[in-house]
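Asker: The structure under discussion is supplied below as structure tokens; questions concerning it will follow.
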Amino acid sequence: DTEVTQTPKHLVMGMTNKKSLKCEQHMGHRAMYWYKQKAKKPPELMFVYSYEKLSINESVPSRFSPECPNSSLLNLHLHALQPEDSALYLCASSQVRLRGGTSTDTQYFGPGTRLTVL
Amino acid sequence: DQQVKQNSPSLSVQEGRISILNCDYTNSMFDYFLWYKKYPAEGPTFLISISSIKDKNEDGRFTVFLNKSAKHLSLHIVPSQPGDSAVYFCAAKRRGNQFYFGTGTSLTVIP
């Protein structure tokens, strides 16, 4: 099973709303990621969690707040977003590279949440 | 600074022929490379990968070639099928859990 699930599939929110995106995987992966993707652009990394701890934050505005409650779940809390934040938000997971050696990790993506901020 | 580049934004190929998608990278610390296929409004789907210790990896109709000295990789699809029409992203990884994506190539396979 190489499935990463994301809910909701679509989300429309106003600039004053608070909402959350959810991601789940049951592959035993201990690294989980949030990406943002605009049309005709590559996925842009936002956050990386490794062993449930935030390891990378790519200078993402504080209106995006990630949370990793356990090894299978990843949330992205949204508050006071701007219309330019409208995008496809992708979750992914992978094994965590062990010390030394060559990685054979593959990153598996969920289907994404299409977010529209009005 | 774009560390992974796909210089062809689009490619059209006749059904049954070979599709060759190219990708260049600048960081010699990358040690693992992947190709993803993406349909509109969906997440990328993993296709095939290659470790930097290899120069070729084959999986059915898909073959990835890696030329480390040129910092270049390519994806060959033979024979191409209409269902292969999608955007293809190459990605590269180095130590740590950061993946770097190219800008994508939109492949159209003409029946």
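So the protein sequences, as listed, match chains A and B. To convert, take the position in the first sequence, counting from 1, and add 1432; that gives my numbering. To convert, take the position in the second sequence, counting from 1, and add 8; that gives my numbering. Positions of the beta carbon are idealized from the N, C-alpha and C atoms, including for glycine. Keep in mind that this is a model prediction, so the values were computed, not measured.
#1: For PRO87(B), decide whether its Cβ has a neighbour in chain A, counting only Cβ atoms nearer than 9 Å.
#2: If you draw a straight line from the C-alpha of SER1582(A) to the C-alpha of GLY24(B), how long is it?
#3: When the Cα of TYR33(B) is compared with those of HIS80(B), PHE107(B), VAL95(B), SER93(B), which residue comes out closest?
#4: In terms of residue numbering, what span does the beta strand (DSSP E) encompassing LEU1453(A) cover?
#5: Which residues does DSSP list as the beta-bridge partners of ALA1512(A)?
#6: If you scan the segment 35–112 of chain B from start to end, which runs of the beta strand (DSSP E) of 3 or more residues do you find wholly inside it?
#7: Around the Cβ of SER18(B), are there at least 16 other Cβ atoms within 10 angstroms (buried) or fewer (exposed)?
#8: Can you pull out the residues from the segment 52–79 of chain B whose beta carbon lies closer than 9 Å to at least one beta carbon of chain A?
#9: To the nearest angstrom, report how far apart ASN1489(A) and SER88(B) are at their CA atoms.
#10: What are the residues in the segment 1485–1498 of chain A lying within 8 Å of chain B by C-beta distance?
#11: Find the nearest neighbour of HIS84(B) within the set SER36(B), ASN35(B), GLN22(B), ILE28(B), judged by alpha-carbon distance.
#12: Against PHE97(B), what residues of chain A qualify as contacts under a CB-to-CB distance less than 8 Å, listed in chain order?
#13: Compare the beta carbon distance of LYS1454(A) and ASN1507(A) with 9 Å and say whether it is the shorter of the two.
#14: Taking 9 Å as the CB-CB cut-off, is LEU1505(A) touching chain B?
#15: Buried or exposed: VAL1436(A), going by 16 or more other Cβ atoms within 10 Å of its Cβ?
#16: Find the nearest neighbour of THR53(B) within the set LYS76(B), ASP39(B), GLN14(B), ALA94(B), judged by alpha-carbon distance.
#17: Report buried or exposed for PRO1498(A), applying the criterion of at least 16 other Cβ atoms within 10 angstroms of its Cβ.
#18: So, using beta-carbon positions, are GLN1539(A) and PHE38(B) closer together than 9 Å?
#19: At the level of alpha carbons, what is the spacing between LYS64(B) and LEU1443(A)?
Answerer: Result, derived from the coordinates:
#1: Judged by the 9 Å Cβ criterion, PRO87(B) is not in contact with chain A.
#2: What is shown of chain A runs 1433 to 1550, which leaves residue 1582(A) out entirely.
#3: Looking from the CA of TYR33(B), the closest CA among HIS80(B), PHE107(B), VAL95(B), SER93(B) belongs to HIS80(B).
#4: Residues 1450–1457.
#5: Answer is none; ALA1512(A) lacks a bridge partner.
#6: If only complete runs of 3 or more residues are kept, the segment 35–112 of chain B shows the beta strand (DSSP E) at 40–46, 53–59, 64–67, 70–75, 80–85, 94–101, 107–109, in order along the chain.
#7: SER18(B) is exposed by the Cβ-count criterion.
#8: PRO52, THR53, PHE54, SER57, SER59, SER60, ILE61: these are the residues of the segment 52–79 of chain B whose beta carbon lies less than 9 Å from some beta carbon of chain A, given in chain order.
#9: Answer to the nearest angstrom: the Cα atoms are 39 Å apart.
#10: Listed by position along the chain: SER1487, ILE1488.
#11: Per the Cα distances, ILE28(B).
#12: For PHE97(B), the chain A residues whose C-beta falls within less than 8 Å of its own C-beta are PRO1474, PRO1475, listed in chain order.
#13: Contact flag set, yes.
#14: No, no contact with chain B.
#15: Looking at its Cβ environment, which holds 16 or more other Cβ atoms inside 10 Å, VAL1436(A) is buried.
#16: Taking only the C-alpha atoms, the option nearest THR53(B) is ALA94(B).
#17: Answer is buried; the Cβ neighbour count reaches 16.
#18: No, Cβ-Cβ distance for GLN1539(A) and PHE38(B) is not below 9 Å.
#19: If I take the Cα positions, the gap works out to 42 Å.
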